[in-house]
Amino acid sequence: MFLKQPLKYIREHTTKPIFNIDFTNTNNRTTMGEVDPAFVQEQEHRPKLSIIEAKGIPEIDLSPIFNHDVPDQSAVDALVKEIGSASKEWGFFQVTNHGVPLSLRQRLEEASRLFFAQSLEDKKKVARDEINPTGYYDTEHTKNVRDWKEVFDFLSQDPTFVPLNSDEDDHQVIQWSNPSPPYPPQFRAIVEEYLEEMEKLAYKLLELIALSLGLEAKRFEKFFKLQTSFIRFNHYPPCPYPHLALGVGRHKDAGALTILAQDEVGGLEVKRKSDQEWVLVKPTPDAYIINVGDIIQVWSNDAYESVEHRVMVNSQRERFSIPFFFFPAHDTEVKPLEELINDENPSKYRPYNWGKFLVNRKSSNFQKKKAENVQIYHYKIA
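Using the working numbering, the first residue of the sequence shown is number 224, and each one after it goes up by one.
Structure representation (structure tokens):
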């Protein structure tokens with residue numbers, strides 16, 4: 224059952240053994256006493272090894288807005304309705320015919336594999352730190368439990384301006400910048416080309432979401448002039464105890480939209496709103512998985528909901544995924560849009576500053592906190 228590859232990964236990525244197993248004995252079983260507790264989910268949040276496949280997650284064809292010189296208005300109207308229904312009922316959907324060149328995505332995925340195949344020493348040459356949280360990292364936590372993954376983060380805008388800290392009374396701003404990995408060759412150029420395509424798609428999706436809420440198509444655009452967006456490369460090595468650990472623990476995405484490219488291995492699970500069951504999102508070749516983030520939930524005054532999701536690990540195969548996180552400018556005040564609130568539907572959230580929220584969230588990546596990380600429900604009006 225146990226492979227040499229995870230053992231190699233474990234030896235490279237930790238300073239102490241994660242578990243004590245004789246890999247020559249196939250009858251071994253991991254137990255709580257043998258596993259590094261940093262990776263172990265609480266009993267109620269451990270993954271079920273019996274998978275429920277999410278057959279209901281909508282697959283939406285974007286060709287009405289990409290493949291026509293003169294758009295068919297009735298087809299666009301139908302598309303807007305589909306987007307609205309998916310955002311309301313699921314918070315997740317897949318898109319096809321999205322305009323992103325397949326050849327570019329394939330080049331990016333190959334570059335990701337080559338980057339993570341390097342030695343730990345080489346990857347750490349572009350490691351991130353508490354001052355500049357871009358680059359390579361392998362000890363990220365979600366809800367104070369360590370994720371079974373390694374990542375490489377790259378900003379959409381270089382430099383990106385953010386608050387110095389989360390203190391509401393401190394108005395100092397600093398800049399984050401991107402590393403330039405020496406390997407694989409042209410990695411940075413490929414990423415930058417792909418980011419342009421991600422931004423185009425993100426703006427198109429925002430227009431559709433705005434229209435589905437009865438807003439002007441460009442209503443959200445002004446918030447992203449100096450965006451804080453970034454792309455992440457995830458590598459999930461095979462894990463010998465998929466019943467205890469997760470690639471990423473349960474969470475909701477804090478930004479506006481996430482556009483995810485996942486490989487054929489799969490592992491993304493979404494908490495279905497209808498019954499709160501965890502269901503697997505089966506990979507669709509060349510499609511992107513879109514999820515509505517917390518900011519859209521607040522802007523829409525809860526008309527659309529950001530949904531919990533997590534990533535399962537695989538005991539046999541490594542997995543790669545590439546999410547693009549679409550974030551507004553750091554000085555954006557996030558609050559329900561005035562067009563969507565009235566006496567019958569008053570504002571459900573107090574305003575919050577996105578940049579302060581972001582740097583607060585980032586700080587928990589480097590240390591376990593005694594209190595829960597900041598969430599949008601902390602701004603909920605009773």
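For glycine and all other residues, C-beta sits at the position ideal for the given N, C-alpha and C.
Skipping 5 residues on each side, what residues in its chain have a beta carbon closer than 8 Å to that of residue i?
{"i": "Val374", "result": "Tyr359, Tyr360, Asp361, Glu363, Arg455, Phe456, Asn457 and His458"}
{"i": "Thr507", "result": "Glu282, Gln317 and Thr319"}
Need the endpoints of the beta strand (DSSP E) that residue i sits in, please.
{"i": "Gln598", "result": "Taken as a continuous stretch (DSSP letters only), Gln598 belongs to no beta strand (DSSP E), as it is neither H nor E."}
{"i": "His287", "result": "In the sequence as displayed, the identity of residue 287 is Pro instead of His. Taken as a continuous stretch (DSSP letters only), Pro287 belongs to no beta strand (DSSP E), being part of the alpha helix (DSSP H) at Ser286 to Phe289."}
{"i": "Asp345", "result": "Run containing Asp345: none in the beta strand (DSSP E); it sits in the alpha helix (DSSP H), Leu343 to Lys346."}
{"i": "Arg584", "result": "Where Arg584 is concerned, there is no enclosing beta strand (DSSP E), although the alpha helix (DSSP H) it sits in stretches over Trp577 to Ser586."}
{"i": "His553", "result": "Looking at the DSSP string, His553 is not in any beta strand (DSSP E), and its letter there is neither H nor E."}
{"i": "Gln398", "result": "Val396 to Trp399"}
{"i": "Ile564", "result": "Ile564 -> no beta strand (DSSP E), and no H or E assigned at all."}
{"i": "Asn457", "result": "Phe453 to Tyr459"}
{"i": "His532", "result": "His532 to Val534"}
{"i": "Phe543", "result": "Arg542 to Phe549"}
{"i": "Gln266", "result": "Segment: none, Gln266 is in no beta strand (DSSP E) and carries neither H nor E."}
{"i": "Gln317", "result": "Phe315 to Thr319"}
Which residues in the same chain as residue i place their Cβ atom closer than 7 Å to its Cβ, once the five residues preceding and following it in sequence are excluded?
{"i": "Glu562", "result": "Leu438"}
{"i": "Arg330", "result": "Ile413"}
{"i": "Val597", "result": "Phe580, Asn583 and Arg584"}
{"i": "Asn388", "result": "Val582"}
{"i": "Ser544", "result": "Asn457, Leu483, Ala484, Gln485 and Asp486"}
{"i": "Phe606", "result": "Outside the displayed span of the chain (224 to 605) sits residue 606, for which this structure offers no information."}
Apart from the five residues on each side of it in sequence, which residues of its chain come closer than 6 Å, Cβ to Cβ, to residue i?
{"i": "Pro356", "result": "Lys585"}
{"i": "Ala510", "result": "Gln317 and Thr319"}
{"i": "Glu420", "result": "Val323"}
{"i": "Arg369", "result": "Ala261 and Phe262"}
{"i": "Leu682", "result": "As displayed, the chain neither begins before 224 nor continues past 605, which places residue 682 out of reach and without an answer."}
{"i": "Glu282", "result": "Gln317"}
{"i": "His219", "result": "Only positions 224 to 605 of the chain appear in the structure, and residue 219 is not among them; the question remains open."}
{"i": "Glu487", "result": "Pro506"}
If you follow the alpha helix (DSSP H) that residue i is part of, which residue opens it and which one closes it?
{"i": "Val299", "result": "Gln296 to Glu312"}
{"i": "Arg411", "result": "Phe410 to Ser435"}
{"i": "Ser335", "result": "Leu325 to Phe339"}
Evaluate residue i with the Cβ neighbour count: other Cβ atoms within 10 Å of its Cβ, from every protein chain shown; 16 or more gives buried, anything less gives exposed.
{"i": "Arg351", "result": "buried"}
{"i": "His601", "result": "exposed"}
{"i": "Gln539", "result": "exposed"}
{"i": "Pro465", "result": "buried"}
{"i": "Gln485", "result": "buried"}
{"i": "Ser529", "result": "buried"}
{"i": "Glu567", "result": "exposed"}
{"i": "Val493", "result": "buried"}
{"i": "Asp300", "result": "exposed"}
{"i": "His532", "result": "buried"}
{"i": "Ala340", "result": "exposed"}
{"i": "Ser335", "result": "buried"}
{"i": "Arg573", "result": "exposed"}
{"i": "Glu267", "result": "exposed"}
{"i": "Leu285", "result": "buried"}
{"i": "Val557", "result": "buried"}
{"i": "Leu449", "result": "exposed"}
{"i": "Ser452", "result": "buried"}
Exercise for the section: Counting only runs of 3+ residues fully inside the region 466-521, write out the beta strand (DSSP E) ranges in chain order. Expected result: Restricted to the region 466-521, the beta strand (DSSP E) segments that are unbroken, complete and at least 3 residues in length are 471-474, 480-485, 491-494, 501-503 and 511-515, listed in chain order.
Problem - the region 464-484 in contact with the region 518-530 per 3-pair CB rule at 8 Å - result: Touching, yes, given that three or more Cβ pairs across the two stretches are closer than 8 Å.
Handout entry: Sufficient close CB pairs (3 or more, under 8 Å) joining the region 420-437 to the region 290-310
Key = The region 420-437 vs the region 290-310: in contact.
Practice task
May I ask you to verify whether the region 415-426 touches the region 316-326, counting CB pairs closer than 8 Å and requiring at least 3?
Solution key: yes
Problem - Runs of beta strand (DSSP E) wholly within the region 342-382 (minimum 3 residues, chain order) - result: Counting only runs of 3 or more residues that sit fully inside the region 342-382, the beta strand (DSSP E) segments are 358-360 and 373-378, in chain order.
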